[in-house]
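Have a look at the structure below, then the notes.
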Amino acid sequence: NIAAYEAYLRGRFAMNQRTGPMLERAVEEFRQAIALDPDYAAAYSGLSDSYLLQSDYARLSNAESIRLAEPLARRAIELDPGLAEAHASMGLLLRDQGDKLASIDAFQRAIELNPSYSPAHHWLALSYQDLGRLRDAMAALQASLRVDPNYISGKRVLLGLLRGTGANEQADTFAAELAAEHADDPLILYTLSGDALSRNRMVAAVRFAAQAATLQPDAPFLRVQLATVLGFAGHIEGADAQVEKLRALAPEHSFIDLWPLQRAVFQHDLMVLRERRGEYLAKLEDTRIRQVYDCAFAGASADPPVIIAACADFLASLDWTAGVDVPTDIGAVVVSLLFAYDAVNDEVHRDQVRAGAEAEVARLQREGLDGDQLRGFMAMLQFLDDRDAEAYLDVLEEWIPLTPITAGALEHDLQYAGVREHPRFQQLIEQRRRAQDEALQQIREIPLP
């Protein structure tokens, strides 16, 4: 059916733009293709992908996108088991459902059927990255870029992989190239904002995020990014304004429910973090995700019993051998729990968590992970052994950007360890806070959409 095929091509083009309006247009085109040809497997695959991508780039919640996409992905495979796109759609669905290992199998099957289907390589790289398998992720991503050297989504992932493997000079060069070549691409600007945040380059992080949201003001994920970087920079009123704009765009967005807790972290409001987590997390439907965030926000509470109560069972449930895949910084959670056990002199549980953490560090090193976060995490583990504050501070100064959030958390972690008043640590925090105040003055001059 020529008309169905033409609608399918229009849908693919629209979907590849990765914007809210274009993804909605893609849905319309794929629906038209299916109406013209009810047995058109590729159109079912495209429609499934469009719904799943809307949870990242548009207004659908993750739960709603999965509900809409699942029967479509299954129907695509049922209609044409030999269609690579159908298996890639199933892989994307499984990844969004949290089954990363099964998603890898589906993506690999898609690649077997059509090695030239670039999205399958790209999504395979993301699943590997989720599990910390960076060597495999890099190989899959390179395959994607060989198929399509101009694949924008692949370039975005490549920057993160370069950071994760510790290739910071190469990453800096690549980031500069992306900024020069794609200055008007909201997705590239979004990626550059996250990259700048990871390097504590707050002015650049806010500028990139503001430019992206200006170019695409109706994209919820760009409002989330702008609110987040403004919060990290200490511009709380600006972040609040972005959350309100997000509320107008996507009233059911999960970030809105989490914002009071995230705001408490930014402002170091320990009462909220200790006593009101359950209130704000209650709307999260997925029990596992709710448990993850409860532990993450408890970890910032600077209260050993609270941290232990929220995190002990969660960390015990992790399968360290398969790769830890949770939507938060697992290293920060582990460190908070280790220091909390240390503070209450519970050496048995501290050593149990430590053993699991060390096994994960060893696995990540075998996979090629050598970025700043891992090095800082290893320094914290070493500090628990030798209590050598000078060596620990050497690593902090070199590798861990002390935003006000990190500084506040580390003050309490070091208090657990009995060295909070170390003069060099206080000097380092004061130095970084002065730098943050100077950056905030520049950030307040950036026009916000």
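Count along the sequence shown from 1, then add 77; that gives the number in the working numbering.
C-beta atoms are modelled at their ideal positions from N, C-alpha and C, and glycine is treated no differently.
Check	Outcome
Out of curiosity, what's the CA-to-CA distance linking residue 398 and residue 439?	Reliability fails at residue 398, whose pLDDT of 49 lies under 50, so the model's placement of it is uncertain and the value that follows must be treated cautiously. So the two alpha carbons sit approximately 10 Å from each other.
So, helix, strand or coil for residue 515, using DSSP?	helix
When DSSP labels each residue in this structure, what does residue 353 get in the three-state scheme?	coil
Does the separation of the CB atoms of residue 369 and residue 343 fall below 8 Å?	no
Three or more C-beta pairs closer than 8 Å, one from the segment 142-161 and one from the segment 186-197: is that the case here?	yes
Sorted by chain position, which residues of the same chain lie with C-beta nearer than 6 Å to residue 125's C-beta, five sequence neighbours on each side aside?	146, 149, 150, 166
Mind pulling the alpha helix (DSSP H) runs of 4 or more residues that sit fully within the segment 232-272?	245-258
With 16 as the cutoff for other CB atoms within 10 Å, does residue 360 come out buried or exposed?	exposed
Could you tell me the distance, in whole angstroms, from the CA atom of residue 299 to the CA atom of residue 422?	44 Å
By DSSP, does residue 78 sit in helix, in strand, or in coil?	coil
What's the gap between the Cα of residue 254 and the Cα of residue 234?	14 Å
What is the rounded straight-line gap between the Cα of residue 468 and the Cα of residue 320?	40 Å
Check for me: the alpha helix (DSSP H) holding residue 284 runs from which residue to which?	279-292
Do you know offhand how far residue 419's Cα is from residue 386's?	15 Å
Output the distance between the C-alpha atoms of residue 82 and residue 110, rounded to the nearest integer angstrom.	7 Å
State the start and end residues of the unbroken alpha helix (DSSP H) segment that holds residue 139.	139-156
The alpha helix (DSSP H) spanning residue 322 covers which residue range?	313-326
Apart from the five residues on each side of it in sequence, which residues of its chain come closer than 7 Å, Cβ to Cβ, to residue 427?	415, 418, 419
Cα-Cα, which of 115, 362, 105, 316 is closest to residue 329?	362
From which residue to which residue does the alpha helix (DSSP H) around residue 383 run?	381-393
Indicate whether residue 98 and residue 291 have their beta-carbon atoms separated by less than 8 Å.	no
How would you label residue 106, buried or exposed, when you count the other beta carbons within 10 angstroms and need 16 or more for buried?	buried
Which one of 501, 177, 202, 410 has the shortest CA to CA distance from residue 375?	410
Kindly give me the distance between the Cβ atoms of residue 285 and residue 270, rounded to whole angstroms, as I take these residues to be in contact under 8 Å.	4 Å
For the putative contact between residue 189 and residue 135, defined by C-beta atoms under 8 Å, what is the C-beta separation to the nearest angstrom?	Between residue 135 and residue 189 the Cβ distance is about 31 Å, and since that is not below 8 Å, they are no contact.
Could you tell me which of 367, 456, 336, 232 sits nearest to residue 258, measuring between CA atoms?	232
Quick test of your reading: residue 118 and residue 153, contact by CB under 8 Å. State the CB separation rounded to the nearest angstrom.	5 Å
Determine the direct distance from the alpha carbon of residue 354 to that of residue 371, and round the result to whole angstroms.	7 Å
For residue 96, does the three-state DSSP call read helix, strand or coil?	coil
CA-CA distance, residue 264 and residue 175?	24 Å
Taking all protein chains shown into account, do 16 or more other C-beta atoms lie within 10 angstroms of the C-beta of residue 527, making it buried, or fewer, making it exposed?	Since the displayed the chain opens at 78 and closes at 526, residue 527 lies outside it and no answer follows.
How would you call residue 306, buried or exposed, if buried means at least 16 neighbouring beta carbons within 10 angstroms?	buried
Would you kindly work out how many angstroms separate the C-alpha atoms of residue 381 and residue 282, rounded to a whole number?	33 Å
Which residue's Cα is closest to the Cα of residue 79: 92, 89, 114, 95?	114
In this structure, does DSSP put residue 176 in helix, strand or coil?	coil
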